[in-house]
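First the structure, in the form of structure tokens, and then the observations on it.
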Amino acid sequence: MSSRDLLSMSLRNLWRRKLRTFLTLLGVMIGATSIVIMLSLGLAIQEQQESMLERMGSLSTITVTSPDISSSQSVRKVYLDDKAVSELASISGVQAVAPIISGELTILSYGNYRSFLTVQGIKPNYFRDFEIDITEGRELRHSNKNCIQVIIPSNVREFLYSPTRALDATKDKSFDPLRSRMILGSRRNPDLTFTAQVVGVYASSGFNMDVFILEEDMNYLLEKLGTSRADGSARANIYTQLQVKVDDVAHVQTVRDAITEKGYQTRSLQDFAEEMNQGTLIIQAVLGGIGSISLIVAAIGIANTMVMSIYERT
């Protein structure tokens with residue numbers, strides 16, 4: 284019997300048992316579709332997690348800090364100074380290095396509101412180097428000790444509150460972030476305050492809570508307030524942290540390893556991304572297993588149909 288005859292006989296038998304053929308095909312389709320749907324759900328979860336990470340910050344950015352020498356006597360103390368900036372900038376794959384200073388400086392008042400936003404001191408070229416868009420106003424330019432220049436995040440309204448009245452800054456149309464008066468200072472010494480002018484607004488994510496001023500202005504304010512930096516350092520030209528921008532996400536781990544070998548501590552959103560990816564793979568495997576149950580049931584149904592057909596003919 285030729286192959287054509289076998290195919291013809293098979294099709295005639297399938298056509299003769301229309302209901303059985305339909306139910307068998309339906310079982311296979313349901314099984315295959317369930318696997319596709321379950322795997323799609325897993326991919327959707329992964330995409331949502333990646334989108335959340337993008338809102339938190341750039342995956343190609345590495346935060347560099349000094350090691351904690353109190354936890355180990357064998358750790359060599361390294362300072363985040365201009366020499367460290369040059370050293371990290373020379374690493375292959377590094378696109379830009381930005382020094383950042385932070386300390387006991389906060390926003391005492393902003394119009395009718397107060398804020399818990401973090402104030403950071405940066406270089407003027409920070410936004411250009413890290414490709415952060417200025418949506419309103421301009422970048423930081425020259426230092427002005429009489430009126431400190433400030434750049435705020437675009438979602439600044441979400442981090443404002445009124446200590447006396449039930450005001451919602453997100454719905455307050457009379458509040459203009461660029462024209463409202465800002466007062467900087469320290470909660471330890473609230474009597475010593477500094478007037479600040481908001482000169483620009485940068486595009487921020489939902490997790491970005493930083494207000495930026497010039498590095499030299501930050502040093503001036505901390506000196507006047509008599510407070511130390513966030514890392515406890517009182518030395519001049521010592522930074523709290525360094526932000527390193529890598530030219531490609533694929534090179535982040537290689538650059539991190541090179542920085543760690545030089546004695547620095549690093550952290551990156553890649554840490555969270557790897558943990559999330561591991562969790563997502565487990566979820567996809569579970570969902571795929573659930574979907575495969577339908578396909579296994581369909582396969583058993585096909586085997587049962589074939590066995591019953593043989594019994595009917597014998």
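Be aware that the sequence shown starts at 284, since it is given in the numbering used here, and climbs by one per residue. Beta carbons: idealized from backbone N, C-alpha and C, even for Gly.
- Within the segment 409-437, the complete beta strand (DSSP E) runs of at least 3 residues fall at 417-420 and 431-436.
- The shortest C-alpha to C-alpha distance from Val481 to any of Val433, Lys454, Asn438 and Leu450 is the one to Val433.
- A residue is called buried once 16 or more other Cβ atoms fall within 10 Å of its Cβ, and Glu498 is buried on that count.
- Rounded to whole angstroms, the separation of the alpha carbons of Gln536 and Thr307 is 50 Å.
- By the Cβ criterion, the segment 363-382 is not in contact with the segment 551-558, since fewer than three pairs of Cβ atoms, one from each stretch, lie closer than 8 Å.
- Annotation: Val529 to Leu504 spans about 31 Å, alpha carbon to alpha carbon.
- About 17 Å separates the beta carbon of Gly483 from that of Ile383, a gap too long to meet the 8 Å contact definition.
- Counting along the chain, Thr549 sits inside the beta strand (DSSP E) bounded by residues Gln548 to Ser551.
- Secondary structure note for Ala372: its alpha helix (DSSP H) is the uninterrupted segment Asp365 to Ala372.
- When secondary structure is reduced to three states using DSSP, Leu388 falls in the coil class, being assigned neither helix nor strand.
- Counting other Cβ atoms within 10 Å of its Cβ, Phe458 reaches 16 or more and is therefore classed as buried.
- In the assembly as shown, Tyr547 is a buried residue. Its beta-carbon has 16 or more other beta-carbons within 10 Å.
- Distance from the Cα of Leu388 is smallest, within the candidate group Arg448, Asn438 and Glu506, for Glu506.
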